[in-house]
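See below for the structure under consideration.
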Amino acid sequence: MSKKVKHLIIMGVAFIILLIAYAGVKKINENQTKKKEAKEKAEQITVLKIPTSNITSFSYNYNGSNYVFEKDGDTWFCQQDKNIKLVQADIETMLGTVDDLKAERLIEKSDQNYAAYGLNTPSQTIKIKDKNGNSTVILIGDINNTTSSYYLAIKDQKTVYAVDTATATAFQKTLEDLKQKEQTPDETPDQSTTSK
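Encoded structure:
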């Protein structure tokens, strides 16, 4: 066997070993990532659980406007203008946040320092009413620039939580954002045909 052939065989074996090692490292990293995600999920704190099917109305303020939504049967509409057709799936997505509202951390069990978290004058107030007549008020405070999380509290519960951006901004929607877009025809009748 020539030296050239031996060299090629050695290189081939080395390449296979590298591939196996790469696959092994990748698998280990994937497992570590899954374990980390599972741990983070387990450590999350349940702040609120209101089944979406139980919610009959909700309201919130955003960009200087107040929005009130009510449910008629299975359809959500805006109290300010009931003729506006809304994207129902978008509303269900918003409400899904309070269906199982999780916090990353519990900051403190007191409302004495609300001002420090922007909760005495919240950037957004969300009010949820269920079919049993219970009302829940969610307060969104300042952002923590270090962790990019937001401070949140449930009115009258005197507890401050830190929640992720997706949770804190779920209700940052204007009425225009929730409106069904008007459909425009993809094709128009051929105007070029002339009668004989």
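Using UniProt numbering, the first residue of the sequence shown is number 1, and each one after it goes up by one. Positions of the beta carbon are idealized from the N, C-alpha and C atoms, including for glycine.
Asked	Found
Inspect the beta-carbon positions of LEU178 and GLN80 and report whether they are closer than 9 Å.	no
In chain order, which beta strand (DSSP E) runs of at least 3 residues are fully inside the UniProt domain "DUF4340" (76–181)?	101–103, 105–108, 124–130, 135–144, 149–154 and 160–163
Looking only at DSSP bridge pairs, what is THR46 linked to?	LYS102
Tell me PHE15's beta-bridge partners as DSSP assigns them.	DSSP, once it has assigned bridges, lists no residue as partnering PHE15.
Taking only the alpha-carbon atoms, compute the straight-line gap between ASN120 and ASP74 and give it to the nearest angstrom.	35 Å
Could you give the C-beta distance for residue 207 and ALA162, rounded to a whole number, given that I count them as a contact under 8 Å?	Any property of residue 207 remains undetermined from this structure, which presents the chain solely from 1 to 196.
Are there 16 or more other CB atoms within 10 angstroms of the CB of residue 231, so buried, or fewer, so exposed?	Lying before the first or after the last residue shown, residue 231 is absent from the chain, which here runs from 1 to 196.
I think TYR60 touches THR146, with their Cβ atoms under 8 Å apart; what is that distance to the nearest whole Å?	No, TYR60 and THR146 are not in contact; Cβ-Cβ is about 27 Å, not under 8 Å.
Within 10 angstroms of the Cβ of GLU37, are there 16 or more other Cβ atoms? Answer buried if so, exposed if not.	Low confidence applies here, because GLU37 scores a pLDDT of 44, under 50, leaving its location unreliable; read the following figure in that light. Flag for GLU37 reads exposed.
When you compare each of ASN132, GLY118 and GLY96 to SER149 by their alpha carbons, which one comes out closest?	GLY118
Cβ atoms of VAL98 and THR52: under 9 Å apart, would you say?	yes
Confirm, please, whether the CB-CB distance from ILE128 to PHE58 is below 9 Å.	yes
Quickly, what does DSSP pair SER57 with across the bridge? List them, please.	GLU70 and LYS129
Find the nearest neighbour of ILE138 within the set LEU152, ALA166 and ILE84, judged by alpha-carbon distance.	LEU152
Going by CA-CA distance only, name the one from PHE77, GLY64 and ASN134 that's closest to THR50.	According to the sequence displayed, residue 50 carries Ile and not Thr. Checking every option, the nearest Cα to that of ILE50 belongs to ASN134.
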